[in-house]
Amino acid sequence: MAVALELDAACAEAVELARAAAVRRAGVLEVGGHVGVIPEDTRVATHLFECVHPGYPGWKWSVTVARASRARVVTVSEVTLMPGEGALLPPAWV
0 MAVALELDAA CAEAVELARA AAVRRAGVLE VGGHVGVIPE DTRVATHLFE CVHPGYPGWK
60 WSVTVARASR ARVVTVSEVT LMPGEGALLP PAWV
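Residue numbers are given in numbering that gives the first Met the number 0: position 87 of the sequence shown equals residue 86, and the series is strictly consecutive.
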């Protein structure tokens, strides 16, 4: 039976930290609005932002943030561009 993850409040509130990291990584691809936050583990969450570049319809910026045990400071762990619903993808290799 899967255990539901609890969203860490400090990680959930780190939207601006996550946005700044996505903007630094995005360059000309641009970062759109915040579309959600997903709990990944204890004190780890992933923020999702729209990618508004016309060449990447349906793609999302994914920024994972984390907070060490007993720490108040949230840090960025990873920034990546991920395909979302309706994203254009290459065909599967045969």
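Note that beta-carbon positions come from the ideal geometry of N, C-alpha and C, so glycine has one too.
Rounded to the nearest whole angstrom, the C-alpha separation of residue 14 and residue 2 is 25 angstroms. Per DSSP, the beta-bridge partners of residue 33 are 48.
Taking residue 50 as the centre and dropping the five residues before and after it, the same chain places the C-beta of 25, 28, 29, 30, 31, 58, 59, 60, 80 closer than 8 angstroms to its C-beta, in chain order. In the DSSP assignment, residue 92 forms no beta bridge with any residue. For residue 42, there is no enclosing beta strand (DSSP E), since its DSSP letter is neither H nor E. Cβ neighbours of residue 54 within its own chain (closer than 6 angstroms, five residues either side excluded): none. The C-beta of residue 7 has 16 or more other C-beta atoms within 10 Å across all chains shown, which makes the residue buried. For residue 14, the three-state secondary structure derived from DSSP is helix.
The shortest CA-to-CA distance from residue 63 to any of 4, 85, 56, 17 is the one to 17.
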